[in-house]
Amino acid sequence: MPYYRRVGEVPPKRHTQFRTPEGGLYYEELMGEEGFSSDSSLLYHRHIPSAIVDAAPWEPPDATLTPNRPLLPRHLRTHELFPGKQWADADPVTGRRVLLGNADVRIAYAVSGATSPLYRNAIGDECVYVEAGTAVVETVFGALNARQGDYVIIPRATTHRWIPTGELPLRTYIIEANGHIRPPRRYLSRYGQFLEHAPYCERDLHAPAEPLLAEGEDVEVLVKHRGDGPGGVAGTRYRYARHPFDVVGWDGCLYPCTFNIADFEPITGRVHQPPPVHQVFEGDNFVICNFVPRKVDYHPLAIPVPYYHSNVDSDEVMFYCGGDYEARRGSGIGQGSISLHPGGIAHGPQPGAYEGGIGREFFDELAVMVDTFRPLELGEGALACEDPGYAWTWSGRRTR
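Using UniProt numbering, the letters of the sequence shown correspond one by one to residues 1 to 400.
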């Protein structure tokens, strides 16, 4: 994150003695990106944070990927993945179904009602969008309250767990990077402050406000890391001598936070604005955008619905998570749908939508978009919920 926070108790000078009320030492841990050359935070533990007492292999959710062949647009119906009450015993970590992925990013979906194990993703940052429900996300930095519309940003190697808190299922759309996720550089000054033209700012980011202190011995933590498993992913089940949530204070510029999609201020114009104006985050070789309710183009001859386009360098993934997406009428897409449009294939509004949007002044739509700059492959979750007729809908047919 682009600015400094301090939570709980920290000493006046870093890397110096910081003693407990009983006279012992707190144990300082540096969590830092890019070795010692980028954003970091210093955390002060009651106990030694590296005290492992056992380790065993753990199998993360199936990350097997299948090439998109023949190369086609795809429509995934995520709400079909967890029928009935299957979600009640599923948790937001081990219950994830992988939908799409490449060497830079994996996209998954989960519906859950159970508390997750303590978990750490050692591969990259996670951006989890809450489609529905509420949760408390407990982390080594403190707790976050997550609600519908929140992006929950969890830095790589942050120990945390998800606790669904509502009576209805928690629906989460998970974007897992192989690196870091951050605000777009063009929104920031050279010193890291959000600029005036940015569609959100520091006030919209919510981080833990106080330490989360827990006691316990022989505490299990699941860690996902690089390995020789499907999709290059493997896992280890560690047991730590003491509970990792023993941090009395921390400070720095690396920490988890939430940002609600309702706080994104849309940028509009006289004619249709391209997707980069909707960008909210960026990662290595991918970007995250969101389309929110907004006034649309006001030129007297404007066509508010998007023009047809071929993204020759990127695959486009759209997650439809609210409202009524005007351009997709007649495609079968609805709440919880995901569309994949591969690079190099022209796509755009459904037949009739281009003309039918003329004269519209407001679009009530909500969607999260991921554009990747390497081709995406299909996960087991995608193969389980695909609408086989989607690719032919622009021709007016639902079958080949």
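The beta-carbon is built from N, C-alpha and C at its ideal position, and this holds for glycine as well.
(request) Using alpha carbons as the reference points, say which of Pro375, Glu355 and Asn178 lies closest to residue 402. (result) An answer regarding residue 402 cannot be provided, because it is not within the stretch 1 to 400 covered by the chain.
(message) Alpha carbons only, please: which of Val305, Gly396, Tyr44 and Tyr119 is nearest the one belonging to Leu213?
(response) In the sequence shown, the residue the question calls residue 213 occupies position 213. The option with the nearest alpha carbon to Leu213 is Tyr44.
(request) Name the two residues that bound the continuous alpha helix (DSSP H) containing Ala63. (result) Within the sequence shown, residue 63 is the residue found at index 63, counting from 1. Unbroken run through Ala63: none, as it is neither H nor E.
(message) For Phe281 and Val287, I'd like the C-alpha separation in whole angstroms.
(response) Taking the sequence shown and counting its residues from 1, one reaches residue 281 at position 281. Taking the sequence shown and counting its residues from 1, one reaches residue 287 at position 287. Cα to Cα, Phe281 sits roughly 6 Å from Val287.
(message) Spatial neighbours of Leu71 within its chain, please: C-beta separation below 6 Å, excluding the five flanking residues on both sides.
(response) As a first step, residue 71 is located in the sequence shown; it is residue number 71 there, counting from the start. Only Pro342 meet the Cβ criterion.
(message) Looking at the secondary structure, which residues open and close the beta strand (DSSP E) in which Glu28 lies?
(response) Translated into positions along the sequence shown, residue 28 becomes position 28. Start and end: Tyr27 to Gly32.
(request) Could you name the residues of the same chain whose beta carbon sits closer than 7 Å to that of Val277, not counting the 5 residues immediately before and after it, in chain order? (result) Residue numbering aside, residue 277 sits at position 277 when the sequence shown is read from its first letter. For Val277, where only same-chain residues beyond five positions count, the Cβ hits under 7 Å are Ile267.
(request) Starting from Tyr354, trace the beta strand (DSSP E) both ways and give me its first and last residue. (result) Your numbering for residue 354 matches position 354 in the sequence shown. Here Tyr354 belongs to no beta strand (DSSP E); instead the alpha helix (DSSP H) covers Ala353 to Gly356.
(message) Would Glu138 and Ile174 be called neighbours here (beta carbons separated by less than 8 Å)?
(response) Looking up residue 138 in the sequence shown gives position 138. Looking up residue 174 in the sequence shown gives position 174. Going by C-beta atoms, Glu138 is not nearer than 8 Å to Ile174.
(message) Just to confirm my understanding: we take Gly95, look at its own chain, exclude 5 residues before and 5 after, and list those with CB closer than 7 Å. What are they?
(response) Residue numbering aside, residue 95 sits at position 95 when the sequence shown is read from its first letter. For Gly95, where only same-chain residues beyond five positions count, the Cβ hits under 7 Å are Ala110 and Ser112.
(message) Assuming Tyr390 and Arg185 are in contact, meaning their beta carbons sit under 8 Å apart, how far apart are those beta carbons, in whole angstroms?
(response) By one-based count along the sequence shown, residue 390 stands at place 390. By one-based count along the sequence shown, residue 185 stands at place 185. In fact, because the Cβ distance is near 35 Å, the residues do not count as touching under 8 Å.
(message) For a quick check, are the C-beta atoms of Thr372 and Asp104 less than 8 Å apart?
(response) Taking the sequence shown and counting its residues from 1, the one referred to as residue 372 is at position 372. Taking the sequence shown and counting its residues from 1, the one referred to as residue 104 is at position 104. Yes; because the gap between Cβ atoms is below 8 Å, this pair is in contact.
(request) Please go through the same chain and pick out, in chain order, the residues whose beta-carbon is closer than 7 Å to the beta-carbon of Lys13, but skip the five residues on each side of it. (result) On the sequence shown, position 13 is the one that residue 13 refers to. Result list for Lys13: empty, nothing under 7 Å.
(message) Can you confirm whether Gly249, when its beta carbon is compared against all beta carbons of chain D, has any partner nearer than 8 Å?
(response) In the displayed structure, chain D is absent; only one protein chain is listed.
(message) For Phe264 and Gln17, what's the separation of their Cα atoms in angstroms?
(response) Here residue 264 corresponds to residue number 264 of the sequence shown, with the count starting at 1. Here residue 17 corresponds to residue number 17 of the sequence shown, with the count starting at 1. The straight-line gap from Cα to Cα measures roughly 43 Å.
(request) Rank Tyr307, Thr172, His243 and Gly229 by C-alpha distance to the C-alpha of Asp320 and give the top, closest one. (result) As a working mapping, residue 320 is identified with position 320 in the sequence shown. The sequence shown places Tyr at residue 320, rather than the Asp named in the question. Out of Tyr307, Thr172, His243 and Gly229, Thr172 has the C-alpha closest to the C-alpha of Tyr320.
(request) For Asp125, count neighbouring Cβ atoms within 10 angstroms of its own Cβ and tell me buried if that reaches 16, exposed if not. (result) On the sequence shown, residue 125 is found 125 positions in, with the first residue counted as 1. By the neighbour-count rule (16 or more Cβ atoms within 10 Å), Asp125 is buried.
(request) Just grab the DSSP bridge partners of Ile174 for me. (result) Position 174 of the sequence shown, counting from 1, holds the residue named residue 174. Ala108 and Val128.
(message) Quick check on Thr66: buried or exposed, where buried means 16 or more other Cβ atoms within 10 Å of its Cβ?
(response) Mapped onto the sequence shown, residue 66 falls at position 66. Under this definition Thr66 is an exposed residue.
(request) Decide if Asp150 is buried, meaning its Cβ has at least 16 other Cβ atoms within 10 Å, or exposed. (result) Within the sequence shown, the letter at position 150 stands for residue 150. Buried, since its Cβ has 16 or more Cβ neighbours within 10 Å.
(message) Spatial neighbours of Ile181 within its chain, please: C-beta separation below 7 Å, excluding the five flanking residues on both sides.
(response) Here residue 181 corresponds to residue number 181 of the sequence shown, with the count starting at 1. Excluding residues within five positions, the ones whose Cβ falls inside 7 Å are Asp125, Cys127, Ile153, Phe281 and Gly283.
(request) Determine which residues share a DSSP beta bridge with Arg185 and list them. (result) Residue numbering aside, residue 185 sits at position 185 when the sequence shown is read from its first letter. Note: Arg185 sits in no beta bridge, so no partner.
(message) I need the boundaries of the alpha helix (DSSP H) containing Leu383, first residue and last residue.
(response) Translated into positions along the sequence shown, residue 383 becomes position 383. Taken as a continuous stretch (DSSP letters only), the alpha helix (DSSP H) holding Leu383 covers Glu380 to Cys385.
(request) Please work out which residues of its chain come closer than 7 Å, Cβ to Cβ, to Glu365, disregarding the five sequence neighbours upstream and downstream, and give them in chain order. (result) Working through the sequence shown from its first residue, we reach residue 365 at position 365. Contacts found: Phe291, Pro293, Gly323, Asp324, Tyr325 and Glu326.
(request) Kindly indicate the opening and closing residues of the beta strand (DSSP E) around Gly235. (result) As a working mapping, residue 235 is identified with position 235 in the sequence shown. Run containing Gly235: Val233 to Arg242, per the beta strand (DSSP E) assignment.
(request) With distances taken Cα to Cα, identify the nearest neighbour of Arg69 among Pro155, Leu376, Asp387 and Thr393. (result) Residue numbering aside, residue 69 sits at position 69 when the sequence shown is read from its first letter. It is Leu376.
(request) Tell me whether Glu202 sits in a helix, a strand or coil according to DSSP, three-state version. (result) Within the sequence shown, residue 202 is the residue found at index 202, counting from 1. Residue state, collapsed to three classes: helix.
(message) Taking 8 Å as the threshold (C-beta atoms), are Pro208 and Val7 in contact?
(response) Working through the sequence shown from its first residue, we reach residue 7 at position 7. Working through the sequence shown from its first residue, we reach residue 208 at position 208. Their beta carbons are under 8 Å apart, which means Val7 touches Pro208 by this criterion.
(message) For Glu202 and Thr393, what's the separation of their Cα atoms in angstroms?
(response) What you label residue 202 is simply residue 202 of the sequence shown in a count that begins at 1. What you label residue 393 is simply residue 393 of the sequence shown in a count that begins at 1. Distance between the alpha carbons of Glu202 and Thr393: 42 Å.
(message) Taking the straight line between their C-alpha atoms, what separation do you get for Ala132 and Pro256?
(response) Looking up residue 132 in the sequence shown gives position 132. Looking up residue 256 in the sequence shown gives position 256. Their backbone Cα atoms lie some 20 Å apart in a straight line.
(message) According to DSSP, is Tyr298 part of a helix, a strand, or is it coil?
(response) Taking the sequence shown and counting its residues from 1, the one referred to as residue 298 is at position 298. Tyr298: coil per DSSP, three-state reduction.
(request) Pull up the distance between the alpha-carbon of Ser395 and that of Gln335, whole angstroms please. (result) Indexing the sequence shown from 1 puts residue 395 at position 395. Indexing the sequence shown from 1 puts residue 335 at position 335. Taking the straight line joining both Cα atoms gives about 23 Å.
(request) Just the C-alpha distance for Val98 and Arg328, rounded to the nearest angstrom, thanks. (result) The residue given as residue 98 occupies position 98 in the sequence shown. The residue given as residue 328 occupies position 328 in the sequence shown. Near 24 Å, if we compare the C-alpha coordinates of Arg328 and Val98.
(request) Take Arg400 and list the residues in its own chain whose beta-carbon comes closer than 8 Å to its own, dropping the five residues that flank it on each side. (result) Here the question's residue 400 lines up with position 400 in the sequence shown. Low local confidence applies: a pLDDT of 48 at Arg400 is under 50, so the model's placement there is unreliable, and no value is given.
(request) Could you please give the first and the last residue of the uninterrupted beta strand (DSSP E) stretch that includes Tyr320? (result) Translated into the one-based positions of the sequence shown, residue 320 becomes position 320. First-last of the beta strand (DSSP E) with Tyr320: Asp315 to Gly323.
(request) Give the straight-line distance between the Cα atoms of Gly359 and Gly269, rounded to the nearest whole angstrom. (result) Residue mapping note: residue 359 aligns to position 359 of the sequence shown, counting from 1. Residue mapping note: residue 269 aligns to position 269 of the sequence shown, counting from 1. Their Cα atoms are separated by approximately 15 Å.
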